[in-house]
Ligand code: NAD
């Protein structure tokens, strides 16, 4: 769609984009939940929220749909996801723009997020013909043993504001080819892109035809209380929940209590090590994108950096220069590389962490470059200059994820000590090392190296591809989604033994003759 509107009339532009994407105006006007754009801080829509009863009815409908969908052959289910990929390609510009308006991402990142959705659809289509089980050698003659993978049921998806559409697609594309139905509770900060995705999927379903049962995909609009309905519902055997570790601490035990599966994708406090042999040009670019990109609001954002003392004085002036010169501003009307924080709460949390780092109350005071608010003329928008903080040691706020662009830098002299410090935080999502020394690189990837779910060499911590399994250890929750064999979480496994002999030999030589 080509909308020639005043770029600051974001309410009208949002309504036009949603209409072009196929969302009914009643879904985003006149409701009780205000939706704001972080670009200007203004309210751009009013959504009607779902009551607990309505949410339960939607989950029941998804469960009924599952019962039909699981009978559809997997390659045919893949055809629906292929059509979803086609629809996403056709609507990439509009959806990417909506992501930029709703989450404040710069245009290439808004579009990049939609590209990630397209990529996972392609992956899932191939997967729909590769949901392989094993054939296993049995100890009994005239027997065959095998593994079958069956659809699981309703998959609940809870997502965070910072990847408002990609996270849904990682889960939904896999769940749909695995024969599951999906119920999505998007972040209350980004509900509009969820309505858009649902409308795009509805187009794909309409093209797919009657094999797709009604109710296959549902969206629940509301706050965390609606998420809790999804978490507690007995007809939801798996909840894939992406968000803060605080959220996972609440959701995990609730799911465990009813023996439901959890895929938890929680906070990160990602670290990088710059070794004496590092290619500093490459490291500089990777650090700058990893720490400042998406205004520090990626789960994989680089937050802690350990730099060897022999290269510290070469790297730091260049890094400071990059921090001082990076452009911050309205992502829709300028070519700024750093857009807004999501809201005032995020800004306040950033200032609190910087105060703590400066004050030294937590055991070492840091010197700070940046961190100040940038005035774009919109009082309710929160733009900040990314902050670079040199810390004498890893203490206080360095140990926690503050979801904002703050990079703490520490000097090291001993590799083992740096590795130990790298692993000495509660989260375990992404990590990277910059080195041309093979021993250091391999050690970082070894069993006694980085303890994260993602460990990279000469690449930054952020910007993962969908082909790999995505997720992290420790307080990041242990879940894996997207590529590799993550699909197995969305299916149930049955071990089958078939006796084609005329005898009934018991396993382990047991005799039980009656
Ligand atoms: P958040 O935890 O505030 O909210 C995430 C989602 O959880 C929202 O939809 C929210 O409504 C829901 N929720 C919150 N409490 C709930 C409860 N008790 N029961 C059910 N649902 C509940 O997170 P956020 O501020 O939107 O996102 C930022 C956080 O997400 C950061 O910590 C970031 O690292 C993390 N994140 C992690 C990944 C990952 O893959 N590991 C990806 C993206 C974001």
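In the UniProt record's numbering, the protein residues as written are 1 to 514. C-beta atoms are modelled at their ideal positions from N, C-alpha and C, and glycine is treated no differently.
DSSP bridge partner residues for residue i (one or two, in chain order)
i           : result
residue 315 : None, per the DSSP bridge assignment.
residue 499 : 143
residue 156 : 183, 239
residue 107 : DSSP, once it has assigned bridges, lists no residue as partnering residue 107.
residue 491 : 151
residue 270 : 302
residue 261 : 238
residue 230 : DSSP, once it has assigned bridges, lists no residue as partnering residue 230.
residue 46  : 34
residue 410 : 306
Neighbour-count burial assignment, residue i, 16 or more Cβ in a 10 Å radius
i           : result
residue 501 : exposed
residue 160 : buried
residue 4   : With a pLDDT of 38 at residue 4, under the threshold of 50, the predicted position of this residue should be treated as unreliable, and no value is reported.
residue 6   : Confidence in residue 6 is poor, its pLDDT being 47 and thus under 50, which makes the residue's placement unreliable; the coordinate value appears in the next sentence. Answer is exposed; the Cβ neighbour count stays below 16.
residue 1   : Per-residue confidence for residue 1 stands at a pLDDT of 45, beneath the threshold of 50, marking its modelled position as unreliable; no derived number is given.
residue 117 : buried
residue 310 : exposed
residue 456 : buried
residue 317 : exposed
residue 301 : buried
residue 106 : buried
residue 490 : buried
residue 234 : exposed
residue 162 : buried
residue 504 : exposed
residue 120 : buried
Short Cβ contact (8 Å threshold) for residue i with residue j
i           : j           : result
residue 357 : residue 397 : yes
residue 524 : residue 17  : This structure does not reach residue 524, given that the chain is present from 1 up to 514, and the question cannot be answered.
residue 494 : residue 148 : yes
residue 65  : residue 215 : yes
residue 429 : residue 268 : yes
residue 286 : residue 179 : no
residue 381 : residue 340 : yes
residue 408 : residue 425 : no
residue 43  : residue 34  : yes
residue 157 : residue 184 : yes
residue 406 : residue 271 : no
residue 47  : residue 164 : no
residue 94  : residue 195 : no
residue 82  : residue 125 : yes
residue 515 : residue 404 : There is simply no residue 515 to check, as the chain begins at 1 and stops at 514 in what is shown.
residue 231 : residue 239 : yes
Whole-Å CB distance - residue i paired with residue j, under 8 Å assumed
i           : j           : result
residue 465 : residue 170 : Rounded, the Cβ-Cβ distance is 12 Å, inconsistent with contact.
residue 112 : residue 331 : Going by Cβ atoms, the distance from residue 112 to residue 331 rounds to 13 Å, so no, they are not a contact pair.
residue 200 : residue 80  : At roughly 12 Å, the Cβ-Cβ gap does not stay under 8 Å, so residue 200 and residue 80 are not in contact.
residue 306 : residue 441 : Rounded, the Cβ-Cβ distance is 15 Å, inconsistent with contact.
residue 223 : residue 462 : Wrong, their Cβ atoms sit about 28 Å apart, outside the cutoff.
residue 273 : residue 154 : Incorrect: roughly 43 Å between the Cβ atoms, too far for contact.
residue 152 : residue 492 : 5 Å
residue 379 : residue 338 : The pair is not a contact, with the Cβ atoms about 19 Å apart (cut-off 8 Å).
Near the ligand NAD: residue i beta-carbon under 7 Å from a heavy atom
i           : result
residue 160 : yes
residue 187 : yes
residue 244 : yes
residue 259 : no
residue 306 : no
residue 374 : no
residue 303 : no
residue 247 : yes
residue 193 : no
residue 480 : no
residue 197 : no
residue 294 : no
residue 476 : yes
residue 470 : yes
residue 299 : yes
residue 401 : yes
residue 266 : yes
Any non-hydrogen atom of the ligand GTP closer than 7 Å to residue i Cβ
i           : result
residue 429 : No copy of the ligand GTP occurs in the structure displayed; its ligands are the ligand NAD alone.
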